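Last residue of the sequence shown? That's 181 in UniProt numbering, and every number before it is there in order.
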Amino acid sequence: MYYSTPHSITGKTPSELMLGRTIRTKLPFLREIETAPPNDEFCDRDAIAKKHACDRENIKRNARPSSIQEGDKVLMQNLVPGNKLTTTYSPVEYTVVRKSGTRCTVQSKDSGTTYERNSSHLKKIPTSVPAESEPLREDSPPAPLDTSPKPADIPNIPSRPKRVCKRLLKFDDYVDVPLDQ
């Protein structure tokens, strides 16, 4: 039955696509005999359906292209960590030598050994950009410095929070007599 049932995307039976002909089945099935040679329309429909499914899955998994390029400084993930206290990424700095798709070839800065890893096992080291401060104008006076005396440092004694105690409702009819009297 499987080989004689038309596929939802291609519109052709698997036996037509593989063998180039329709096979006889146990169930009687009336069908117009196709006299024209098979067209490649099913290939186009199949490619469109696969592209649509790929796009839908990428959106669902929040997939995006890797930002790692050749020449970037990266950290490599420890694939076999020693114990739960070891860091996820090794502290050794690597340089990306070659990138082909998601496959990256990295070279150690210290020893020069090369490794091939997937880009998901690498973490890009952000390059620090120095923050530019606003340049001073020559015609504006410099900002006055704060020369006011600072209060003496008062030691901050940590204290625990106090709980607010409320009177229970069952004691509303009870008369309080102070102990001092």
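Every residue gets a Cβ at the ideal spot worked out from N, C-alpha and C, and that includes glycine.
None of the values given here were measured: they were computed from a predicted structure.
- In summary, E57 is exposed, with fewer than 16 beta-carbon neighbours lying within 10 Å of its beta-carbon over all protein chains present.
- Each of P14, P91, R163, G112 was checked against the Cα of F42, and the nearest Cα belongs to P14.
- With contact defined as three or more Cβ pairs closer than 8 Å, the stretch 117 to 124 and the stretch 69 to 84 are in contact.
- Taking C-beta separations shorter than 8 Å and ignoring five residues to either side along the sequence, K60 has no partners in its chain.
- The Cβ-Cβ distance between Y89 and V106 does not fall below 7 Å.
- For P14, the enclosing alpha helix (DSSP H) begins and ends at 14 to 19.
- Excluding the 5 residues flanking it on each side, P6 has same chain C-beta neighbours closer than 7 Å at K12, T13, in chain order.
- Restricted to the stretch 81 to 119, the beta strand (DSSP E) segments that are unbroken, complete and at least 3 residues in length are 89 to 100, 103 to 108, 114 to 118, listed in chain order.
- Looking only at T10, S4, I9, I157, the smallest Cα-Cα distance to R21 is reached by S4.
- With a contact defined as Cβ atoms closer than 8 Å, T102 and S66 qualify at about 6 Å.
- Following the DSSP letters along the chain, one finds K50 inside the alpha helix (DSSP H) bounded by residues 41 to 61.
- By the CB criterion at 7 Å, E116 and V96 fall outside the cutoff.
- Cα atoms of A47 and L17: separation of roughly 15 Å, rounded to the nearest angstrom.
- Bounds of the beta strand (DSSP E) holding V74 are 73 to 77.
- The alpha-carbon separation between V92 and G112 amounts to approximately 11 Å.
- In this structure, I68 and K99 form a Cβ contact; the two beta carbons are roughly 7 Å apart against a cut-off of 8 Å.
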